[in-house]
Amino acid sequence: MTQNSTLKTRNYEIDFLKFIFSILVLLQHSKGISDVVPANIGYWGAGHIAVYFFFAVSGFLMVNSFYRHRDNNLSPAKASWHFYKGKVKSLWIDFLGALVIIKAMRIVARVHNGQIDSIDDAIRYIINSIPEALGISAGGFTEPTNGPTWYISAMLIVMPVLYYILSRNPQFYLYVFSPFTVIMLLGYRYRTRMLDTPVWNVFDAYTENIVKAILGICCGALAYIVYRKIISTNWTKLGVGTLTALEITGYATVFAVSLLWSKNVTTRLTMQVVFIPLIALSFSQISYVSRLFVSKLWLKLGTFSLTLYLNHCAVQMYFEANLAHQSYKTNLILYFLFSIALALVEYFGVRLIIKGFKKLNLKLVEK
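Residue 274 in my numbering sits at position 271 of the sequence shown, with consecutive numbering throughout.
Pasting the structure below:
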C-alpha cells in the first residue's frame with residue numbers, strides 16, 4: 004500500500020450523498036405521521052438502503068484511516084482504541100444533544116399520560132437510558148428511544164473489533180476476512196428473512212443490528228480494494244466517460260429502487276453489493292461527476308445530514324402523537340420543515356451551550 008493511495012482531503016460528493024440518503028431515512032420514517040397513508044408508496048424500505056450506504060462509507064473510511072496513520076507504530080489494541088476515541092469525539096455532541104431532546108419530550112409525554120407519576124419513576128426512566136447514552140443499545144441492552152441511533156451504536160460496537168483485525172493483518176482483513184464475511188452474512192440475512200419461526204425471530208432481532216454493521220463495514224473494505232484498482236489505472240477519456248456513465252446509472256438505480264421497490268427485503272439487500280463499486284467510484288473522483296462537487300458548501304450539507312438524521316425522530320414522534328389526523332401530504336411537508344428546524348436548533352444550541360460553559364470555566368479559573 005502506497006501513501007498516495009490514501010485519501011487526504013474531504014470528498015464533497017460523499018457529503019452530498021450522505022444528505023440525500025438521510026432524506027431517504029426521513030421518508031421511510033414518515034409512515035406513521037398520518038393515519039391515512041397512500042397505499043402505493045414504495046419507499047418504506049428506503050431508510051434501510053441508506054443505512055447500508057452509511058455503513059459501507061464508514062468501512063471504507065476506516066481502512067483509509069488505518070493506512071493514513073499506519074506509521075504511528077501503535078499496537079493493534081492501541082490503534083483500535085485510538086480510532087474508537089476519534090469516532091466518538093466526532094459524534095458525541097450531536098448524538099447526546101439529540102438524545103436529550105427526545106428524552107425530554109418522552110418524559111413530558113409520560114408525565115402527561117400518567118406513566119411517570121413520581122420522582123422515583125423519572126429517575127428509573129433516566130437510569131434505564133444509560134445504555135443508550137453510552138452508545139451500546141445495539142448490543143441488545145435496550146430499544147433506543149431515539150430509534151435511528153441504532154446505526155451509530157452498532158457501528159461503535161463493531162468498528163473497534165474490525166479495526167483491531169485490520170491492524171493485526173491488513174491483507175487478511177481486506178482479501179480474506181471481508182469478502183468471506185460479506186458472502187456469509189448476505190446469505191444469513193437472506194435466509195433469516197425467509198424463515199418465520201418464533202425462536203429464529205427472537206435470535207434475529209437480537210443480532211440484526213450487529214450483523215448489518217459488520218456486513219456494511221466489510222462492504223466498505225471491498226469498496227476500498229476496488230478504489231485502489233481504479234486510481235492505479237491510467238484512464239483514457241473514453242474510460243473516464245464510461246466510469247461516469249456507470250456511476251450515474253448506478254446511483255440512479257439505487258434511488259429508483261429506494262423510492263419505488265424498497266419494500267421488498269431481498270431487493271434492497273442487493274443494493275448492499277451495488278454500493279461496493281459505486282462508493283469506490285465516488286471516492287476515486289475520477290469520473291466527471293466529481294467535478295460537480297468542488298465547493299465547500301457540500302461539506303456543510305454533509306455535516307448537517309448527521310444532525311438531521313439524529314433529530315428527525317423527535318419530530319416523527321410528535322406528529323404520530325398529535326397530528327396524525329391530518330393528511331399525509333400535508334404532514335410530510337411539515338415533517339421535513341420541522342425536522343430541519345429542530346436539527347438546526349440542536350446543532351447550534353448545543354454548541355452555544357458548550358461555548359458558554361467554556362467561558363464560565365475560564366472565568367472561574369481566572370478568579
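Cβ coordinates follow ideal geometry from the N, Cα and C atoms, glycine included.
All figures in this text were calculated on a predicted structure; none of them were measured in a lab.
query, result
"Cβ pair Asp18, Trp301 closer than 8 Å", "yes"
"Own chain, CB closer than 7 Å to Gln6, minus 5 neighbours either side, in chain order", "Its pLDDT being 44, under 50, Gln6 is placed unreliably by the model, and the measurement read from it follows with that caveat. If we look at Gln6 and ignore the five residues flanking it on each side, it has no Cβ neighbours."
"Sufficient close CB pairs (3 or more, under 8 Å) joining the region 24-42 to the region 320-331", "yes"
"Exposure label - Gly359; buried when at least 16 CB within 10 Å", "exposed"
"Meets three-Cβ-pair contact criterion under 8 Å: the region 227-245 and the region 19-31", "no"
"Inter-residue Cα distance where the pair is Phe307 and Val348", "11 Å"
"Cβ distance (whole Å) where Thr310 is taken to contact Ala346 below 8 Å", "4 Å"
"Coil, strand or helix - Trp264 by DSSP", "helix"
"DSSP state of Met4 mapped onto helix, strand, coil", "Residue placement at Met4 is poorly supported in this model, since its pLDDT is 46, which falls under 50; the coordinates are not used for a value here."
"For Tyr55, three-class secondary structure by DSSP", "helix"
"Spatial neighbours of Arg171 in its chain, beta-carbon cut-off 6 Å, leaving aside the 5 residues before and after", "Pro79"
"Alpha-carbon to alpha-carbon, Val297 and Lys362", "36 Å"
"Collapsed DSSP secondary structure at Pro41 in the structure displayed", "coil"
"Residues near Arg71 in its chain [Cβ-Cβ closer than 6 Å; skip 5 each side]", "Thr9"
"Classification of Tyr209 by the beta-carbon crowding that lies within 10 angstroms, buried from 16 upward", "exposed"
"Identity of the residue in Ser93, Trp47, Tyr193 nearest Tyr30 by Cα", "Correcting the residue identity first, residue 30 is Leu in this sequence and not Tyr. Minimum Cα distance to Leu30 is reached at Trp47."
"Residue of Asn116, Gly117, Ile105, Ala112 minimising C-alpha distance to Ser132", "Ile105"
"Under the three-state DSSP convention, the category Trp153 falls into", "helix"
"Whole-angstrom distance between Pro182 and Ile110, CA atom to CA atom", "45 Å"
"CA nearest to the CA of Ile129, picked from Thr145, Glu250, Tyr193, Gly219", "Thr145"
"Alpha-carbon spacing of Val114 relative to Tyr154, whole angstroms", "29 Å"
"Span of the alpha helix (DSSP H) around Ser93", "79-116"
"Same chain, Cβ closer than 7 Å to Val274, five either side skipped, listed in chain order", "It should be noted that the sequence gives Met, not Val, for residue 274. For Met274, where only same-chain residues beyond five positions count, the Cβ hits under 7 Å are Ile52, Tyr55, Val257, Val260."
"Exposed unless 16 or more other CB atoms sit within 10 angstroms - verdict on Lys215", "buried"
"Meets three-Cβ-pair contact criterion under 8 Å: the region 278-287 and the region 215-231", "yes"
"Nonlocal neighbours in the same chain, by C-beta distance under 7 Å from Leu262, ignoring five residues either side", "Gly45, Tyr46, Ala49"
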